[in-house]
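These notes are about the structure you will find just below.
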Amino acid sequence: MKTEVLIIGGGPSGLLLSQLLNRAGVATVVLERTSRERVLARIRAGVLEAGTVGLLREAGVAARLDKEGLPHDGCYLSDDELMVHINFYELTGKRVMVYGQTEVTADLYKAQDEMGTSIIHEVEDVVIQDLDQKTSFVEYTVHGERKRIDCSYVVGCDGFHGVSRNTIPVEARTEFERVYPFGWLGILSRTPPANEELIYANSSHGFALCSMRNENLSRYYLQVPLSDSVDQWSDERFWAELKRRVPSETAESLVTGASIEKSIAPLRSFVSEPLRWGNLFLVGDATHIVPPTGAKGLNLAVSDVYYLHQALITAVKQDQRAPLDGYSEQALARIWKAMRFSWQMTTMLHQFDGEDSFSAQMRKASLSHLARSETARRDLAENYVGLPF
Ligand code: APR
Ligand code: PHB
10 MKTEVLIIGG GPSGLLLSQL LNRAGVATVV LERTSRERVL ARIRAGVLEA
60 GTVGLLREAG VAARLDKEGL PHDGCYLSDD ELMVHINFYE LTGKRVMVYG
110 QTEVTADLYK AQDEMGTSII HEVEDVVIQD LDQKTSFVEY TVHGERKRID
160 CSYVVGCDGF HGVSRNTIPV EARTEFERVY PFGWLGILSR TPPANEELIY
210 ANSSHGFALC SMRNENLSRY YLQVPLSDSV DQWSDERFWA ELKRRVPSET
260 AESLVTGASI EKSIAPLRSF VSEPLRWGNL FLVGDATHIV PPTGAKGLNL
310 AVSDVYYLHQ ALITAVKQDQ RAPLDGYSEQ ALARIWKAMR FSWQMTTMLH
360 QFDGEDSFSA QMRKASLSHL ARSETARRDL AENYVGLPF
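Residue numbers (the working numbering): 10 to 398.
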């Protein structure tokens with residue numbers, strides 16, 4: 010088999026890239042390790058930047074998002090004393106959209122089906138070859154049979170644990186990493202949201218986030234030690250702890266109920282540079298991870314896709330490779346700014362075990378500065394709604 014662009018990974022990055030390329034007449038094949046059902050069972054973050062929404066519209070996959078997504082003009086940041094409203098729309102003229110990543114992925118699968126693109130599920134042992142030749146190829150096993158696809162370009166959209174990044178020789182890569190000493194315990198519940206806006210709550214008991222999916226589906230998170238497991242957190246314990254961490258008016262009016270999903274995710278900042286090796290290009294979680302504070306993960310993957318789809322179309326349709334040569338540098342310039350923002354939000358809002366009293370004062374001062382300075386709020390808002398592509 011032969012294709013122009015072979016995409017490894019059928020998560021949101023791989024599917025959006027495939028969608029944009031096929032609409033421009035560039036043929037792709039997507040190889041995905043698991044079944045579609047398993048991809049769609051993952052619950053991930055749910056805040057889309059204005060630029061992400063724009064690209065999803067351009068890709069022709071925003072009809073349901075435009076109907077069911079919840080436009081948000083702002084959010085709250087709180088601690089034990091303050092509750093600060095950040096009005097994105099007043100400060101930047103832009104909004105974000107609350108719409109689950111799982112739904113974005115489902116919409117992309119539907120659109121890809123309608124276009125009749127090639128997505129091969131349950132592939133194993135993917136090996137990428139000849140990245141330094143004019144034509145490269147990828148071998149994989151599906152249902153016990155070894156297969157080969159020749160292609161001009163390979164794009165690694167296979168997440169943090171994929172094969173693509175590790176295909177680049179270790180001496181040609183530079184990795185940057187910060188592992189945080191806690192995780193987020195998340196639950197989904199069929200209850201009305203705690204507030205019409207998201208609340209990012211720092212407290213002396215640790216961080217909490219009140220988010221949502223719709224008027225009767227809420228998503229909440231608690232900062233927990235990495236050693237905790239989900240079975241240590243009954244629903245009762247979760248709600249009691251959440252109430253200790255959010256502002257008292259929010260705690261008093263909180264509607265609780267049975268959780269329908271519960272999971273713990275570690276927090277990490279990670280970048281591997283460069284994003285290109287010969288004919289291989291890396292996108293999304295395959296080459297960078299952000300902690301979820303600020304919801305940059307999916308949005309950052311989408312900006313990589315934005316740069317790369319244009320560069321690939323120019324290469325394939327006009328035989329000009331200069332944009333491809335510039336992809337890594339162009340994407341990294343934006344990636345590092347989102348890295349800085351999500352690290353800063355994480356540092357400002359979480360309790361770090363064993364920290365000194367000075368650190369706690371710094372967090373308090375950051376929030377009180379935000380409460381008093383419109384300039385500080387605008388800076389946060391500008392980053393939260395997303396820097397321009
Ligand atoms: N071969 C084929 N597919 C693979 C392989 C492999 N060796 N390894 C991983 N995959 C698949 C995974 O099963 C998954 O479906 O690649 C996909 C990667 O998807 P994500 O991890 O969701 O990454 P990405 O598409 O870049 O999405 C961006 O931003 O921070 C986030 O949580 C957010 O997942 C979101 C991401
Ligand atoms: C979510 O709704 O899952 C969510 C929202 C904002 C974040 C992270 C996760 O910063």
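Note that CB positions come from ideal geometry on N, CA and C, so glycine has one too.
Just so it is clear, the structure is predicted and the values come from calculations on it, not from any experiment.
Checklist line | heavy atom of the ligand APR below 7 angstroms from G20 C-beta | finding: At least one heavy atom of the ligand APR is nearer than 7 angstroms to the Cβ of G20, so yes.
Margin query: At 3 residues or longer, what runs of the beta strand (DSSP E) sit wholly inside the stretch 260-296?
Written below: At a cut-off of 3 residues, the continuous stretches assigned as beta strand (DSSP E) that sit fully inside the stretch 260-296 are 268-282, 289-291.
Margin query: Could you check whether the Cβ of Q353 sits closer than 7 angstroms to any heavy atom belonging to the ligand APR?
Written below: At a threshold of 7 angstroms, Q353 does not count as near the ligand APR, since its beta carbon sits no closer than that to any of the ligand's heavy atoms.
Notebook entry, point to check: Hey, would you say G192 sits closer than 8 angstroms to I273, going by beta carbons?
Noted result: With respect to the 8 angstroms criterion, G192 and I273 are classified as neighbours on the basis of their beta carbons.
Notebook entry, point to check: According to DSSP, what are the bridge partners of F185?
Noted result: Looking at the DSSP assignment, F185 forms a beta bridge with V280.
Margin query: For S220, which residues in the same chain have their Cβ closer than 6 angstroms to its Cβ, ignoring the five residues on either side in sequence?
Written below: Excluding its 5 nearest sequence neighbours in each direction, S220 has C-beta neighbours in its own chain below 6 angstroms: L207, R228, listed in chain order.
Notebook entry, point to check: Which residue or residues does DSSP assign as beta-bridge partners of I52?
Noted result: Looking at the DSSP assignment, I52 forms no beta bridge with any residue, so it has no partner.
Check: Taking one C-beta from the stretch 93-111 and one from the stretch 49-56 each time, how about it: are there three or more such pairs within less than 8 angstroms?
Finding: Yes, the stretch 93-111 is in contact with the stretch 49-56.
Check: Excluding sequence positions up to five away, which residues of its chain have a Cβ less than 7 angstroms from the Cβ of G266?
Finding: Within the same chain, G266 has close Cβ partners S198, R199, T200.
Checklist line | Rounded Cβ spacing between V163 and N288 (contact assumed at less than 8 angstroms) | finding: Going by Cβ atoms, the distance from V163 to N288 rounds to 6 angstroms, so yes, they are a contact pair.
Checklist line | Through-space distance from N392 to W320, alpha-carbon basis | finding: Note that residue 320 is Ala in the sequence shown, not Trp. Going from the Cα of A320 to the Cα of N392 covers about 25 angstroms.
Note to self: What I want to know is whether the C-beta of A310 ends up closer than 7 angstroms to one or more non-hydrogen atoms of the ligand APR.
What the structure shows: At least one heavy atom of the ligand APR is nearer than 7 angstroms to the Cβ of A310, so yes.
Item checked: Candidates L251, L25, N31, of which the one nearest E13 by Cα -> Residue N31 is the option with its Cα nearest to E13.
Check: Out of curiosity, what's the CA-to-CA distance linking V233 and H359?
Finding: C-alpha separation (whole angstroms): 10 angstroms.
Margin query: On the CB-based measure, 16 or more other CB atoms within 10 Å of its CB, does F290 come out buried or exposed?
Written below: F290 should be labelled buried.
Check: Closer than 5 angstroms from C-beta to any heavy atom of the ligand PHB: which residues, in chain order?
Finding: Summarising the contact set, residues whose Cβ lies nearer than 5 angstroms to any heavy atom of the ligand PHB are, in chain order, A54, G55, V56, S220, R228, P301, A304.
Item checked: Rounded Cβ spacing between T126 and S27 (contact assumed at less than 8 angstroms) -> With 8 angstroms as the limit, T126 and S27 qualify as a contact, their Cβ atoms being about 6 angstroms apart.
Check: If you run the structure through DSSP and keep just helix, strand and coil, what is Y209?
Finding: In the displayed model, Y209 falls within a strand according to three-state DSSP.
Check: Between T101 and N308, which are expected to be in contact by the criterion C-beta below 8 angstroms, what is the C-beta distance as a whole number of angstroms?
Finding: Incorrect: roughly 15 angstroms between the Cβ atoms, too far for contact.
Checklist line | Among L86, D82, D89, the one whose alpha carbon lies nearest that of E99 | finding: When each option's Cα is compared against that of E99, the closest is D82.
Next item on the list: On the DSSP bridge assignment, give the partners of S227 in chain order.
Entry: Note: S227 sits in a beta bridge opposite S198, M221.
Check: Quick one: is the Cβ of L307 within less than 7 angstroms of any heavy atom of the ligand APR?
Finding: Because some heavy atom of the ligand APR lies under 7 angstroms away, the Cβ of L307 counts as near it: yes.
Next item on the list: Below 6 angstroms CB to CB, which residues in the same chain sit around A36 once its five sequence neighbours on both sides are set aside?
Entry: Taking A36 as the centre and dropping the five residues before and after it, the same chain places the C-beta of T12, E13 closer than 6 angstroms to its C-beta, in chain order.
Check: Quick check: the stretch 317-332 against the stretch 381-389, are there 3 or more CB pairs under 8 angstroms?
Finding: Because the criterion of three Cβ pairs below 8 angstroms is not met, the stretch 317-332 and the stretch 381-389 do not touch.
Notebook entry, point to check: Helix, strand or coil for Q138 per DSSP?
Noted result: When DSSP states are grouped into helix, strand and coil, Q138 belongs to the strand group.
Notebook entry, point to check: Where E180 and Y336 are concerned, what is the direct C-alpha to C-alpha distance, given to the nearest angstrom?
Noted result: E180 and Y336 have their alpha carbons spaced roughly 20 angstroms apart.
Check: Looking at the unbroken beta strand (DSSP E) that takes in M92, where does it start and where does it end?
Finding: Following the DSSP letters along the chain, one finds M92 inside the beta strand (DSSP E) bounded by residues 92-96.
Note to self: Quick check: is any heavy atom of the ligand APR less than 7 angstroms from the C-beta of G69?
What the structure shows: False, no ligand heavy atom lies under 7 angstroms from that Cβ.
Note to self: Within the continuous beta strand (DSSP E) that includes D159, where are the two ends?
What the structure shows: Start and end: 154-165.
Notebook entry, point to check: What separation, rounded to the nearest whole angstrom, lies between the Cα atoms of R214 and I17?
Noted result: This sequence places His at residue 214; Arg is not what is there. Their Cα atoms are separated by approximately 41 angstroms.
Checklist line | Rounded Cβ spacing between L117 and L49 (contact assumed at less than 8 angstroms) | finding: L117 to L49, Cβ: 10 angstroms. No contact.
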